[in-house]
Structures are given as structure tokens and as C-alpha cells.
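Read through the structure below, which is laid out as C-alpha cells, and then see the notes.
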Amino acid sequence: MLKSAVSESFHRAAHFITLLYSRFCLHNGLQNAASLTYTTLLSLVPLTTVVVAILTAFPVADQMAEMTQDFIFNNFVPASGAQVQQYLLEFSGKASRLTGIGFIALIIVALLMMRNIDQALNTIWEVPLQRTLAKQFLIYWALLSLGPLLLTLSLAVTSYIISMPLIVEAEQTLGIGRRLIGYTPLAASMLAFFLMYLVIPNRRVPLLHAFSGGLLAALLFELAKHAFAFYVTTFTSYQAIYGTLAVIPIFLVWVYLSWVIFLLGAEFTCSLQIFGSSHEGAADDGAQLEQTLQLLAQLHGAHQRGEQLSGDEL
């Protein structure tokens, strides 16, 4: 019994992995990641400008804006985060001095980036874009505005918890504060993936599936971040080739890997839904087959006895 259960679980896992891989290839996951990487480069300065403007618009968030920026670049852009942060803040500082029309153009570019993400996810869920422009704008703007604010709020709450006397005492003996800080990037990335998988697709996504996909993507993101940082700091031959420009290819590769993980997590979330539906259908087919066999057995028994069965008896 145990052996058959293990064999069935292994078979289902293999079936799910095959489904996930085939769907990722079917939807050109690697090519879409490259396309999103190119779009990211075009919209990175507008996105940074909009996010900084949103953070500085709120007095409470403005006080923690610098800490939030440091947290993002130090934890989500490995190895070259400090240099990328310096360049982006310099560019966004110049962009923030644009006139009203210029700033509106920056917002439009940032929203177009969100639309490209929307199209990529709806391709995975195989649904057409049916939302009105107004609804699309509201969803994209909500993600752009609430995302940085939620991150800032989570950092503020974490800082407050760490500063509590009980935690300070525990930190001196158990190092709880360091552990809380260490888990914050994982929690932040998981929340971001979870919200995007839940809200952006133009189809109802079960909470558990979106959470599972967000957790997988966050774990892969953390593993990739540490592996990428190890490679960049250990194998430095690229610096001899690119010199001071080495930050550009490093950042490009990291953005590409991030989009691959994002799309893979989306495929995982969607595949959970498809896999569950297919097994429910298989269970229904099995029940119908069992009922059919029982009916045939009744007919065969009646035939052997020379009897006829009425419709009610059947």
C-alpha cells in the first residue's frame, strides 16, 4: 500500500513537472524574459522616478525613503546594487525636474511597463485582455503606488519590532533581530510575486495557488541572488574585459534571470490550477467508468437468469 502511494505521488510529481516545462516552452518563457528585460531598461528610470515621487509624497514614507531604496538595491540587485542605485537616482533626480507634461510622459512609460507584464501573464493564463483602459490604469497605478508603500511599511514595522526591549534582550542572546532582518527580503519578494500573480491575470486565481507560486518564485529568487553574487565576486574575468562598464552586463544578466524566475513562478501558479482540474476530471471519468461497469454487470446477471430489467431498476 505504501509503495503504491509513493509510486503514485512520484508519477503525479513527474506529470506536473512535465506539464510545467511544456507550458513554459509553449509560451516562449526565455524569449518573453528577454523582451521584458529590454522593456525594463527603457522604463527603469521612469519607474524609479515615479516610485521616489510616491515615497516623498507621504511624510511618513519620506522619512524612510532612503532606507527603502537602500533595502531594494542591496537585497534585490546583488553585487552591483550600489552602482546601479547611484546611476538610477542620479538619472531620476534629473527626470524629476521635468515639466508637468514630461513627468506625465514618465508615468505613461512606467504604466506601459506594467502593461507588458500584464500581457505576459495573460498569455500564460491564455486569456485575452478584456479589461477597460480605466480598469487597467487603476490596477497598474495601484501596484506602482501601493508596492513601495507596503515595502516601506513592512520595513518600519520590522524596525519597530527589533527596537522593542524584549527583542533587544533576545537579540543579545539569540540573535533574533538579525534573523528577522535576514528573512525580510524573502518575505518582501514573496509578497510582491503573490500580489502580481493574484491581481494582474484577467482571471480568478485561487489564493493558495498564487501564494504557492509566490513562495516558489521568492525562494528561486533568493537562491539565484546568492548564486549570482557568488559568481560575480569569485570569477572576475569580466572586469578585465569591460572595465568600469562591467556593471552594465552584470545588471542585464540579473534582470533577465529575475524575469525568467517571475515567468516560471507564473507558469507554476497556472499549472497548479490546470493540474488540479485535470485530476478532478480524471476522477469524474473514473467514477463514470465504475458506474458503467456496474450497469453492465447487472445486465449480464439478468441475461444469465433470463430476466429483463426495467428502466427504474437500471
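First residue of the sequence shown? That's 0 in numbering that gives the first Met the number 0, and the numbers climb one at a time after it.
Each residue gets a CB set at the ideal place from its N, CA and C atoms; glycine is no exception.
Predicted model only: the values in this text are computed from it and were never measured.
Residue environment: C269 is assigned as buried (16 or more neighbouring CB atoms within 10 Å of its CB, all protein chains considered). Within the same chain, Cβ atoms closer than 8 Å to the Cβ of T36 are found at L251, V254, Y255 and W258, the five residues on either side in sequence being excluded. Of all alpha-carbon atoms in L142, G99 and P200, the one lying nearest the alpha-carbon of L190 is that of L142. Between the region 218 to 234 and the region 193 to 200, the count of C-beta pairs closer than 8 Å stays below three; the two stretches do not touch. Fewer than three pairs of CB atoms, one per stretch, sit closer than 8 Å, so the region 205 to 213 makes no contact with the region 117 to 131. Annotated three-state conformation of P127 is coil, per DSSP. In the DSSP annotation of this structure, the continuous segment of the alpha helix (DSSP H) that includes L218 starts and ends at L206 to T233.
Distance from the CA atom of V5 to the CA atom of L214, rounded to whole angstroms, is 25 Å. Across the structure, I247 and V231 are spaced so that their CA atoms are roughly 13 Å apart. Separation of L262 and K224 (C-alpha to C-alpha, rounded to the nearest whole angstrom) is 16 Å. For the set S188, G212 and W140, the Cα lying nearest the Cα of V49 is the one of W140. Of the residues assessed, L43 falls on the buried side of the cut-off, its CB having 16 or more other CB atoms within 10 angstroms. Note on G99: under 16 other CB atoms within 10 angstroms of its CB, so exposed under the neighbour-count rule. A109 sits away from L29, with the two beta carbons spaced by 8 Å or more.
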